[in-house]
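J.: Just so you know, the sequences run in chain order A and B.
With the first sequence counted from 1, adding 121 to any position gets you our numbering.
With the second sequence counted from 1, adding 121 to any position gets you our numbering.
C-beta atoms are modelled at their ideal positions from N, C-alpha and C, and glycine is treated no differently.
There are 2 protein chains.
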Amino acid sequence: MAQKKIILTGDRPTGPLHLGHYVGSLINRVKLQDQYKQYVILADVQALTDNYDNPQKVHDNVLQVALDYLAVGIDPQKSTIFIQSMIPQIAELTIFYLNLVTVSRLSRNPTVKTEIAHKGYGESVTAGFLMYPVSQAADITIVKPNLVPVGEDQLPMVEQTNEIVRHFNRLYKKEVFPEVESLIPKMARLVGTDGKTKMSKSHGNAIYLCDDADTVTKKVMGMYTDPNHLKVSDPGAVEDNPVFIYLDAFDPDTAKVQELKDHYARGGLGDVVIKKYLAQVLNTFLEPIRTRRSEFAKDPHMVMDIILKGTEIVQGVAERTMCDVKEAMGIIYT
Amino acid sequence: MAQKKIILTGDRPTGPLHLGHYVGSLINRVKLQDQYKQYVILADVQALTDNYDNPQKVHDNVLQVALDYLAVGIDPQKSTIFIQSMIPQIAELTIFYLNLVTVSRLSRNPTVKTEIAHKGYGESVTAGFLMYPVSQAADITIVKPNLVPVGEDQLPMVEQTNEIVRHFNRLYKKEVFPEVESLIPKMARLVGTDGKTKMSKSHGNAIYLCDDADTVTKKVMGMYTDPNHLKVSDPGAVEDNPVFIYLDAFDPDTAKVQELKDHYARGGLGDVVIKKYLAQVLNTFLEPIRTRRSEFAKDPHMVMDIILKGTEIVQGVAERTMCDVKEAMGIIYT
């Protein structure tokens with residue numbers, strides 16, 4: 122039997138996961154775990170690069186994110202969930218990779234540039250933040266994956282990883298790491314409830330997988346729709362209207378959604394009515410996830426046990442990878 | 122009984138050690154090992170920051186430097202010699218420290234600035250090289266030392282380390298690391314045989330502890346002296362004359378050295394004569410070191426065994442340090 126291809130995916134544990142994560146990655150992971158050998162990293166060390174002054178938040182969200190994983194159907198029998206900070210080999214590999222990347226190359230990384238500007242770091246950017254793409258390359262390659270599912274905004278990170286992989290293999294004259302292929306999901310991002318930008322905790326425009334039904338309804342009732350749709354009788358814009366984007370994403374009754382779109386477009390369908398319908402759709406979608414989540418949440422020790430077992434597996438994998446790395450570099454001492 | 126104070130010292134294994142190392146650090150280590158708990162790091166990972174394209178050199182010099190240590194009398198019963206790359210916790214600690222240091226602070230580090238200029242790196246400086254003071258802070262603090270013996274040119278490195286230590290302890294509200302005190306040796310550096318700059322492998326002006334008698338004699342005969350001392354009968358300058366600096370450092374017969382200085386100063390003592398004398402003094406000094414070195418060199422497995430045993434001890438120490446670090450940060454998962 123041919124070896125299954127390896128896939129590496131994961132999240133920074135800085136907050137619970139939301140509908141954006143669901144459509145952008147979680148749903149794919151649930152599918153991919155049948156086809157691939159899937160590793161899911163809880164990237165706490167990476168989260169610390171911009172949360173080093175609040176490690177408690179990162180620590181606590183490891184469990185929260187793991188609960189989200191289990192709730193949506195990531196199956197620990199099929200996927201190996203692990204904690205980054207418990208794999209010291211990732212740090213070792215990062216240190217070796219840092220020698221293969223120039224500071225000016227890091228300063229030009231578009232994703233990092235955008236984030237530095239967005240966070241207003243300017244001159245006070247930390248070394249840890251600037252070099253996080255290198256750390257990320259180590260996170261990824263430590264399990265020698267063939268594929269990483271990423272949003273388009275993360276493509277520069279994969280490019281950086283492959284630059285390092287090529288440089289390493291060429292310099293030490295051994296194909297230690299395979300180049301990594303990006304897997305761009307059909308729906309990489311979901312707009313937030315404000316309709317302005319992608320759903321994100323930091324923008325305060327997210328509906329979380331763990332939100333209760335009332336919270337979901339409240340968030341939906343406050344959603345941005347077509348600002349020109351002033352009276353019920355007015356024709357409304359369906360395109361770029363987050364309410365319809367969410368219906369497309371979460372309502373299995375596509376005929377019904379089409380009917381509502383037509384009605385909204387020609388006028389006569391009020392925002393309150395359509396939002397109430399969306400709230401109901403989302404709660405129907407979220408209810409089984411919430412139920413599973415609260416079941417798992419009753420036994421946090423069991424959940425931590427799942428993660429620690431996964432981490433143990435990755436410790437073995439990472440040890441073998443670092444053995445290959447040091448062998449290629451010729452720095453094994455016996 | 123009060124706990125012995127801890128001292129951390131070591132070298133980048135990029136070449137065999139020379140007389141400059143002897144007067145600047147080795148002789149002190151031999152004395153300090155009786156008084157302190159002494160750790161001696163073979164900093165191969167740090168050496169890779171500017172030798173990543175030639176790891177073989179670094180690998181091979183680990184044994185060579187260890188032979189020099191044992192030859193001069195660093196006693197594995199008293200000093201713990203260890204290999205950096207076998208302590209993954211140093212890499213872990215480095216990654217956490219990188220969040221506590223800004224890129225602009227690193228760019229201003231005087232030692233690093235000088236080295237970047239000296240090596241002509243310019244814009245192509247690697248991330249690994251720029252951040253090596255952070256890596257060094259981790260090398261040092263992983264064993265929680267009270268003292269580090271350093272030359273004056275290395276003081277900015279100790280300052281950087283203490284900045285990180287203070288920042289860490291303050292941020293995570295626990296005195297995990299003691300501040301490190303510098304121990305500046307009486308004779309921190311020795312001029313090279315060219316009389317121009319400090320003795321260093323890269324300047325090609327070094328006399329190695331493992332040089333045989335003929336090589337030492339040859340190097341001494343080619344030494345720089347007083348360029349105005351043209352005829353034997355001319356008065357010669359004693360000050361800043363490397364021949365007399367070496368005699369001061371290595372000839373136990375201080376009365377004789379004084380006599381020679383006086384003679385040289387008033388004229389009538391030729392360079393060839395004084396150099397022949399110096400060669401004899403150095404070979405007398407080096408002979409027992411060379412003998413011990415070649416004894417140890419006969420059994421490289423035994424030497425590696427000594428280092429690997431020391432490394433094992435430090436692995437335990439480093440694990441406890443990282444436990445303290447993660448506990449202070451609150452990122453232990455159980």
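1) Alpha carbon to alpha carbon, how far is Ser206 (chain B) from Ala164 (chain B)?
2) Going straight from the alpha carbon of Pro176 (chain B) to that of Gly249 (chain B), what length do you get?
3) Which residue wins for smallest C-alpha separation from His422 (chain B), given the options B:Val183, B:Ile328, B:Gln156, B:Ile216?
4) Using a Cβ cut-off of 8 Å (strictly closer), state whether His324 (chain B) contacts chain A.
5) Do you know how far the Cα of Arg387 (chain A) is from the Cα of Val378 (chain A)?
6) DSSP on Tyr454 (chain B), reduced to helix/strand/coil?
7) Taking 8 Å as the threshold (C-beta atoms), are Lys158 (chain B) and Ile128 (chain B) in contact?
8) Label Glu213 (chain B) either buried or exposed according to how many other C-beta atoms from any shown protein chain fall within 10 Å of its C-beta, with 16 as the threshold for buried.
9) According to DSSP, simplified to helix, strand and coil, what is Gln198 (chain A)?
10) At a CB-CB cut-off below 8 Å, which residues of chain B make contact with Ile204 (chain A)?
11) Count the other CB atoms within 10 Å of the CB of Thr412 (chain B); is the residue buried (16 or more) or exposed (fewer)?
12) Are the C-beta of His239 (chain A) and some C-beta of chain B separated by less than 8 Å?
13) So the alpha helix (DSSP H) Lys234 (chain B) belongs to, where does it begin and stop?
14) What are the residues in the segment 246-261 of chain B lying within 8 Å of chain A by C-beta distance?
15) Which runs of the alpha helix (DSSP H) fall wholly inside the segment 360-445 of chain A and span at least 4 residues, in chain order?
16) Report, in whole angstroms, the separation of the C-beta atoms of Gly343 (chain A) and Arg310 (chain A), which I expect to be a contact under 8 Å.
17) When you compare only the Cα positions, how much space is there between Val337 (chain B) and Thr432 (chain A)?
18) For Val166 (chain A), which residues in the same chain have their Cβ closer than 6 Å to its Cβ, ignoring the five residues on either side in sequence?
19) With a threshold of 8 Å between beta carbons, is Pro277 (chain B) in contact with chain A?
20) Taking buried to mean at least 16 other C-beta atoms within 10 Å of its own C-beta, is Thr405 (chain B) buried or exposed?
21) Please state whether DSSP places Ser321 (chain A) in a helix, a strand or coil.
22) For the segment 204-230 of chain A, list every residue whose C-beta sits within 9 Å of some C-beta in chain B, in sequence order.
23) Using a cut-off of 9 Å between C-beta atoms, extract the partners of Val183 (chain B) located in chain A.
24) Among residues of its own chain, excluding the 5 on either side of Lys340 (chain B), which ones have a beta-carbon nearer than 6 Å to its beta-carbon?
25) So what does DSSP say about Val264 (chain B), is it helix, strand or coil?
26) Could you confirm whether any beta carbon from chain A is found closer than 8 Å to the beta carbon of Pro306 (chain B)?
27) Let's see if you can read the secondary structure: which residues bound the alpha helix (DSSP H) around Glu213 (chain B)?
28) Name the two residues that bound the continuous alpha helix (DSSP H) containing Tyr190 (chain B).
29) Alpha carbon to alpha carbon, how far is Asp383 (chain A) from Cys333 (chain A)? Give it in angstroms, no decimals.
30) Mind reading off the beta-carbon distance from Thr130 (chain B) to Arg150 (chain B)? Whole number of angstroms is fine, and I expect it under 8 Å.
31) Could you tell me the distance, in whole angstroms, from the CA atom of Asn326 (chain A) to the CA atom of Lys430 (chain A)?
32) Out of A:Gln185, A:Pro270, A:Pro348, A:Ile195, which one is the CA nearest neighbour of Gly136 (chain A)?
33) Distance cutoff 8 Å, beta carbons only. Does Val297 (chain A) sit that close to anything in chain B?
34) Mind checking whether Ile263 (chain A) and Ile211 (chain A) have CB atoms under 8 Å apart?
35) Can you say whether Asn349 (chain A) is buried or exposed, counting buried as having 16 or more other CB atoms within 10 angstroms of its CB?
36) When the Cβ atoms of the segment 255-262 of chain A are set against those of the segment 212-232 of chain A, are three or more pairs found closer than 8 Å?
T.: Concretely, from the data shown:
1) For the purposes of this step, residue 206 (chain B) is taken as the residue at position 85 of the second sequence. For the purposes of this step, residue 164 (chain B) is taken as the residue at position 43 of the second sequence. If I take the Cα positions, the gap works out to 8 Å.
2) Translated into the one-based positions of the second sequence, residue 176 (chain B) becomes position 55. Translated into the one-based positions of the second sequence, residue 249 (chain B) becomes position 128. Their Cα atoms are separated by approximately 15 Å.
3) Your numbering for residue 422 (chain B) matches position 301 in the second sequence. Ranking B:Val183, B:Ile328, B:Gln156, B:Ile216 by Cα distance to His422 (chain B) puts B:Val183 first.
4) Numbered from 1 along the second sequence, position 203 holds the residue referred to as residue 324 (chain B). So, not an interface residue.
5) On the first sequence, position 257 is the one that residue 378 (chain A) refers to. On the first sequence, position 266 is the one that residue 387 (chain A) refers to. If I take the Cα positions, the gap works out to 14 Å.
6) Reading the second sequence from its first residue, position 333 is the one you call residue 454 (chain B). In the structure shown, Tyr454 (chain B) adopts coil according to DSSP, grouped into three states.
7) As a position in the second sequence, residue 128 (chain B) is number 7, starting the count at 1. As a position in the second sequence, residue 158 (chain B) is number 37, starting the count at 1. Lys158 (chain B) is positioned such that its CB atom lies closer than 8 Å to that of Ile128 (chain B).
8) As a working mapping, residue 213 (chain B) is identified with position 92 in the second sequence. By the 10 Å Cβ count, Glu213 (chain B) comes out buried.
9) Along the first sequence, one-based indexing puts residue 198 (chain A) at 77. DSSP places Gln198 (chain A) in coil when its eight states are reduced to three.
10) Here the question's residue 204 (chain A) lines up with position 83 in the first sequence. Going along chain B in sequence order, the residues near Ile204 (chain A) (Cβ under 8 Å) are Tyr454.
11) Reading the second sequence from its first residue, position 291 is the one you call residue 412 (chain B). With fewer than 16 other Cβ atoms within 10 Å, it is exposed.
12) Counting from 1 along the first sequence, the entry for residue 239 (chain A) is found at position 118. At least 8 Å separates the CB of His239 (chain A) from every CB of chain B.
13) What you label residue 234 (chain B) is simply residue 113 of the second sequence in a count that begins at 1. Lys234 (chain B) -> alpha helix (DSSP H) spans 231-240.
14) Cβ proximity to chain A below 8 Å picks out Val246, Thr247, Ala248, Gly249, Phe250, Leu251, Met252, Val255, Ser256 from the segment 246-261 of chain B.
15) 363-371, 375-387, 392-418
16) Sequence index remark: in the first sequence, residue 343 (chain A) carries index 222 (1-based). Sequence index remark: in the first sequence, residue 310 (chain A) carries index 189 (1-based). The pair is not a contact, with the Cβ atoms about 21 Å apart (cut-off 8 Å).
17) The residue you call residue 337 (chain B) lines up with position 216 of the second sequence. The residue you call residue 432 (chain A) lines up with position 311 of the first sequence. Cα-Cα distance, rounded: 56 Å.
18) Indexing the first sequence from 1 puts residue 166 (chain A) at position 45. Once the five neighbours on either side are set aside, the close Cβ partners of Val166 (chain A) are Gln205, Ser206.
19) Here residue 277 (chain B) is taken as the residue at index 156 of the second sequence, counted from 1. Chain A contact via Cβ: absent.
20) Counted from its first residue, the second sequence places residue 405 (chain B) at position 284. Per the 10 Å Cβ criterion, exposed.
21) For the purposes of this step, residue 321 (chain A) is taken as the residue at position 200 of the first sequence. Note: Ser321 (chain A) maps to coil in three-state DSSP.
22) So the list reads Ile204, Ser206, Met207, Pro209, Gln210, Ile211, Ala212, Glu213, Leu214, Thr215, Ile216, Phe217, Tyr218, Leu219, Asn220, Leu221, Val222, Thr223, Val224, Ser225, Arg226, Leu227, Ser228, given in the order they occur along the chain.
23) In the second sequence, counting from the first residue as 1, residue 183 (chain B) sits at position 62. The answer, in chain order, is Ile452, Tyr454.
24) In the second sequence, residue 340 (chain B) corresponds to position 219, counting from 1. Excluding positions up to five away in sequence, the list reads Thr314, Ile328.
25) The residue labelled residue 264 (chain B) in the question sits at position 143 within the second sequence. Val264 (chain B) falls in the coil class under three-state DSSP.
26) What you label residue 306 (chain B) is simply residue 185 of the second sequence in a count that begins at 1. Not closer than 8 Å to any Cβ of chain A, the Cβ of Pro306 (chain B) fails to qualify, so no.
27) For this step, residue 213 (chain B) is matched to residue 92 along the second sequence. If you look at Glu213 (chain B), you'll find it in the alpha helix (DSSP H) that goes 209-219.
28) Taking the second sequence and counting its residues from 1, one reaches residue 190 (chain B) at position 69. It spans 176-193 - the alpha helix (DSSP H) in which Tyr190 (chain B) sits, taken as one unbroken run.
29) By 1-based counting over the first sequence, the position of residue 333 (chain A) is 212. By 1-based counting over the first sequence, the position of residue 383 (chain A) is 262. Note that residue 333 (chain A) is Asp in the sequence shown, not Cys. Spanning the two alpha carbons is a distance of roughly 31 Å.
30) For this step, residue 130 (chain B) is matched to residue 9 along the second sequence. For this step, residue 150 (chain B) is matched to residue 29 along the second sequence. The pair is a contact, with the Cβ atoms about 6 Å apart (cut-off 8 Å).
31) Residue 326 (chain A) sits at position 205 when you count from the first residue of the first sequence. Residue 430 (chain A) sits at position 309 when you count from the first residue of the first sequence. Near 34 Å, if we compare the C-alpha coordinates of Lys430 (chain A) and Asn326 (chain A).
32) Here the question's residue 136 (chain A) lines up with position 15 in the first sequence. Nearest C-alpha to Gly136 (chain A): A:Gln185.
33) Within the first sequence, residue 297 (chain A) is the residue found at index 176, counting from 1. Val297 (chain A) does not count as touching chain B.
34) Residue 263 (chain A) sits at position 142 when you count from the first residue of the first sequence. Residue 211 (chain A) sits at position 90 when you count from the first residue of the first sequence. Yes, these two residues count as a Cβ contact at 8 Å.
35) Position 228 of the first sequence holds residue 349 (chain A). Per the 10 Å Cβ criterion, exposed.
36) Contact annotation: the segment 255-262 of chain A touches the segment 212-232 of chain A, with at least three C-beta pairs closer than 8 Å.
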